[in-house]
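Reading through the structure tokens given below for one structure.
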Amino acid sequence: MSKTEAAAAGTGRSSLGGEIVERINQLGAISETPEHLARIFLTPEHRTAADLILSWMRGAGMSAHLDAIGNVCGRYEGERPGLPCLMLGSHYDTVRDAGKWDGPLGLITAISCVADLYKRERRLPFAIEVVGFADEEGVRFASTLLGSRAVAGTFVESVLNSRDHAGISMREAMVQFGLDPDHIGAAARARRELHAYVELHIEQGPVLEQHDLPVGVVTAIAGATRLAAHLTGMAGHAGTVPMALRRDALAGASECIVAIEGFCKTDEDGLVGTVGYIDAMPGATNVIPGRVNFTIDIRAPTDAHRKLAVADIVRRIEAIAKRRNLALQVDVTHENRTVPCAPWLKGQVAEAVAAEGYPVFELPSGAGHDGMAMIDIADVAMIFVRCRGGISHHPDEHVEPADADAGARVLLRLIENFRPREV
Ligand code: GLV
Ligand code: MN
Ligand code: MN
Numbered sequence: 023m024s025k026t027e028a029a030a031a032g033t034g035r036s037s038l039g040g041e042i043v044e045r046i047n048q049l050g051a052i053s054e055t056p057e058h059l060a061r062i063f064l065t066p067e068h069r070t071a072a073d074l075i076l077s078w079m080r081g082a083g084m085s086a087h088l089d090a091i092g093n094v095c096g097r098y099e100g101e102r103p104g105l106p107c108l109m110l111g112s113h114y115d116t117v118r119d120a121g122k123w124d125g126p127l128g129l130i131t132a133i134s135c136v137a138d139l140y141k142r143e144r145r146l147p148f149a150i151e152v153v154g155f156a157d158e159e160g161v162r163f164a165s166t167l168l169g170s171r172a173v174a175g176t177f178v179e180s181v182l183n184s185r186d187h188a189g190i191s192m193r194e195a196m197v198q199f200g201l202d203p204d205h206i207g208a209a210a211r212a213r214r215e216l217h218a219y220v221e222l223h224i225e226q227g228p229v230l231e232q233h234d235l236p237v238g239v240v241t242a243i244a245g246a247t248r249l250a251a252h253l254t255g256m257a258g259h260a261g262t263v264p265m266a267l268r269r270d271a272l273a274g275a276s277e278c279i280v281a282i283e284g285f286c287k288t289d290e291d292g293l294v295g296t297v298g299y300i301d302a303m304p305g306a307t308n309v310i311p312g313r314v315n316f317t318i319d320i321r322a323p324t325d326a327h328r329k330l331a332v333a334d335i336v337r338r339i340e341a342i343a344k345r346r347n348l349a350l351q352v353d354v355t356h357e358n359r360t361v362p363c364a365p366w367l368k369g370q371v372a373e374a375v376a377a378e379g380y381p382v383f384e385l386p387s388g389a390g391h392d393g394m395a396m397i398d399i400a401d402v403a404m405i406f407v408r409c410r411g412g413i414s415h416h417p418d419e420h421v422e423p424a425d426a427d428a429g430a431r432v433l434l435r436l437i438e439n440f441r442p443r444e445v
């Protein structure tokens, strides 16, 4: 008998890890292309995944529906219908060439926990809701956390007009998906309907592995700023325009990228900066690039530190653009403050971790999560599960089945022992 099975047997519970891994693989097969996992907001594969998740939720004894923005929402009633809920969830969209676990682990684990309660005919003095958020990654449109912002009632309507790289607006994509962009407001929930929001997620970093721990208690989710930079120079003939007379937007962007990297590297307090997307126009071997768009993602352990760094980076790339005679426009496409996990709720996560026999280890989240939006209507806590090598946003992302099971047991313990905050 494995350690996990023995632990499960000791609590009288069956191991949930096997079912979770099986479903992770099933969802991981729903992708834009079979070779590289990509399940992007409002695409046909996103819809196929939503239908599969709906069926899992119904099989776990929940009523389930797709809400106005494409979140998959399941509800397991408490001892009587209509009680406020403990909301659990994570996202079911992915980055491009993604791993299978980022998002789906939390969602699938929450469904398995509810299924376990349902099998034991256990009803609690509160309802449980599980939400598969539609867009946490923000890959397709300029903004991010679109699903959870809709639930929190903070969705910004102007985002509907933003366009993806193929020129399709979010409004058009919603209609293609079968949603009504004029009714996003219907997804919003009120604070009084929720006792709290708890998300289980893979760590996406190496810290738990370094400490030889399967699970951790999250202290806070680091804030982030995303910028879209547009550089404009002058396109021209690659053979005729002398080097000294060029206004090459791509060479300028390259200098900006190296400057951003250099600036962040010299910081000793956890600042990280990434240029993850770039396009150059007109995009031909024999034409000097006249226009370039690129993104900048900046994160730091504190909001003050991040804001100072963003201002400094913008000043640096402005200077580069000026020296190269390029026009620069920088737009803020996403800004989220650091979100602390609520002490009362974090305390209950820690109790559940200890009750399952693991040391209580606290760590911050450098990655963004839907809790960053949910904080506007609920107190938030997170459980992290160890991932191999700290690898994430990469196809090698991996969680051992025993760790998936450990996470599930902690979440189930938390649910069964959950006490709403006393007010
Ligand atoms: C989401 O994974 C993010 O942190 O950007
Ligand atoms: Mn995630
Ligand atoms: Mn992610």
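In my numbering, the protein residues as written are 23 to 445.
Every residue gets a Cβ at the ideal spot worked out from N, C-alpha and C, and that includes glycine.
Could you check the C-alpha separation between residue i and residue j for me, to the nearest Å?
| i | j | result |
| --- | --- | --- |
| His252 | Asp270 | 13 angstroms |
| Gly412 | Leu167 | 23 angstroms |
| Ile243 | Gly393 | 8 angstroms |
| Gly429 | Glu277 | 44 angstroms |
| Leu201 | Asn93 | 11 angstroms |
| Val382 | Arg45 | 28 angstroms |
| Val294 | Leu235 | 25 angstroms |
| Gly96 | Pro203 | 22 angstroms |
| Thr241 | Pro304 | 46 angstroms |
| Leu433 | Glu283 | 38 angstroms |
| Asp157 | Arg345 | 39 angstroms |
| Ser85 | Val136 | 12 angstroms |
| Met109 | Thr70 | 23 angstroms |
| Gly104 | Ile335 | 50 angstroms |
| Ala426 | Arg145 | 24 angstroms |
| Thr247 | Phe148 | 36 angstroms |
| Ser37 | Gly238 | 19 angstroms |
| Ala174 | Gly154 | 14 angstroms |
| Pro365 | Ala374 | 14 angstroms |
| Gly388 | Glu221 | 15 angstroms |
| Ala424 | Gly39 | 6 angstroms |
| Glu41 | Gly312 | 52 angstroms |
| Ala343 | Arg162 | 27 angstroms |
| Ala273 | Asp319 | 20 angstroms |
| Ser180 | Ala188 | 19 angstroms |
| Asp291 | Gly245 | 14 angstroms |
| Asp301 | Ala275 | 10 angstroms |
| Met192 | Asp353 | 19 angstroms |
| Tyr140 | Pro386 | 33 angstroms |
| Val314 | Ser112 | 34 angstroms |
Does the beta carbon of residue i fall short of 6 angstroms from some heavy atom of ligand 3?
| i | result |
| --- | --- |
| Glu456 | The structure shown has nothing for residue 456, since the chain only spans 23 to 445. |
In terms of residues, what are the limits of the alpha helix (DSSP H) holding residue i?
| i | result |
| --- | --- |
| Glu340 | 325–345 |
| Tyr380 | Counting along the chain, Tyr380 falls outside any alpha helix (DSSP H), and DSSP gives it neither H nor E. |
| Ile130 | 126–141 |
| His68 | 66–81 |
| Arg45 | 39–50 |
| Cys294 | The sequence given here places Val at residue 294; Cys does not occur at that position. Taken as a continuous stretch (DSSP letters only), Val294 belongs to no alpha helix (DSSP H), being part of the beta strand (DSSP E) at 294–296. |
| Met396 | 393–396 |
| Arg435 | 423–439 |
| Val445 | Neither: Val445 is in no alpha helix (DSSP H) and is coded neither H nor E. |
| Leu267 | Counting along the chain, Leu267 falls outside any alpha helix (DSSP H), and DSSP gives it neither H nor E. |
I'd like the span of the beta strand (DSSP E) that includes residue i, first residue to last.
| i | result |
| --- | --- |
| Phe406 | 402–407 |
| Arg321 | 313–321 |
| Glu221 | 216–224 |
| Val352 | 349–358 |
| Asp301 | 300–303 |
Anything with a beta carbon under 5 angstroms from a heavy atom of ligand 2 counts; list them all in chain order. Taken from the N-terminal end onward, the list reads Asp124, Gly125.
Below 5 angstroms from a heavy atom of ligand 1 - residues by beta-carbon: In chain order, the hits are Ala389, Gly390.
Mind listing, in chain order, the continuous alpha helix (DSSP H) runs of no fewer than 4 residues lying wholly within the stretch 151–181? Every alpha helix (DSSP H) stretch that sits fully inside the stretch 151–181 and reaches 4 residues is listed by chain position as 168–174.
Where are the beta strand (DSSP E) runs, 3 residues long or more, that stay fully inside the stretch 76–121, in chain order? List check, beta strand (DSSP E) in window: 85–88, 94–98, 107–113.
Any chance you could list the beta strand (DSSP E) runs of at least 3 consecutive residues sitting entirely within the stretch 181–261, in chain order? Counting only runs of 3 or more, we get 216–224, 237–243, 246–254.
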